[in-house]
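Colleague:
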Amino acid sequence: MENECNIENKIRMNYRHLTQLLISRHLTITTMESATSGQIASLITDT
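This note's numbering applies: residue 6 is where the sequence shown begins, and numbers increase by one.
#1: Terminal residues of the continuous alpha helix (DSSP H) containing isoleucine 49?
#2: Does arginine 30 come out as helix, strand or coil in the three-state DSSP assignment?
#3: On the three-state DSSP scale, how would you describe threonine 24?
#4: Determine the direct distance from the alpha carbon of leucine 48 to that of serine 39, and round the result to whole angstroms.
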């Protein structure tokens with residue numbers, strides 16, 4: 006379980022970095038999700 010938490014934290018940190026990079030460069034990202042139930046968009050917008 007601890008390993009899963011580590012992986013989730015790393016993913017969240019990567020998405021946080023991506024969000025900051027997109028904002029700083031005035032870029033946007035578009036997702037079309039079905040299989041992930043909106044998880045990608047959620048991770049990006051919740052940071």
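The beta-carbon is built from N, C-alpha and C at its ideal position, and this holds for glycine as well. All values reported here derive from a predicted model rather than from experimental measurement.
Modeller: According to the structure shown:
#1: 44 to 50
#2: coil
#3: helix
#4: 15 Å
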